[in-house]
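Numbering (the numbering used here), first residue to last: 1188 to 1323.
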């Protein structure tokens, strides 16, 4: 019986009454999408693959003052990460993979939020959720 309901069939009760499948089931929640970009240089050619993700985790190893160093080491700046998120239409941006030269992530976060307001920085041991989509 359960498999028939899951397959979209109506249910007949023992008294002969039929219940339409629409009364027995609900639409699934919209799928959530995330992308993980780490140990990567700024790569705008990836934007078509990232379009509309719910959460983009992107490395922000350096600030834009060290953009040349970022390119040499195949890493991204906080501005690069924010630009990728903005241009891809990501719903949320989580920054990580920071160079140890930065004692605080505040400078990296400020750089990112100047391009992508609402960006967050990841913290060791923290848990993050992919934002739910509206079911419209």
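By construction, the Cβ of each residue, glycine as well, lies at the ideal position given by its N, Cα and C atoms. Being a predicted model, the structure only gives us computed values, none of them experimental.
Residue i: first and last residue of the uninterrupted alpha helix (DSSP H) it sits in
i            : result
residue 1222 : Segment 1221-1224 is the beta strand (DSSP E) holding residue 1222; no alpha helix (DSSP H) there.
residue 1295 : 1293-1300
residue 1237 : 1234-1237
Straight-line Cα distance separating residue j from residue i
i            : j            : result
residue 1275 : residue 1234 : 5 Å
residue 1262 : residue 1226 : 6 Å
residue 1264 : residue 1310 : 18 Å
residue 1231 : residue 1288 : 26 Å
residue 1241 : residue 1280 : 9 Å
Beta strand (DSSP E) segment containing residue i, residue limits
i            : result
residue 1281 : 1280-1283
residue 1259 : Counting along the chain, residue 1259 falls outside any beta strand (DSSP E), though it belongs to the alpha helix (DSSP H) covering 1254-1259.
Residue i, buried or exposed, once every other Cβ within 10 Å from all chains shown has been counted against 16
i            : result
residue 1200 : exposed
residue 1285 : buried
residue 1362 : Here the chain has residues from 1188 to 1323 only, and residue 1362 is not among them.
residue 1246 : buried
residue 1244 : buried
residue 1319 : exposed
Would the segment 1263-1274 count as touching the segment 1204-1211 if we require 3 or more Cβ pairs under 8 Å?
no
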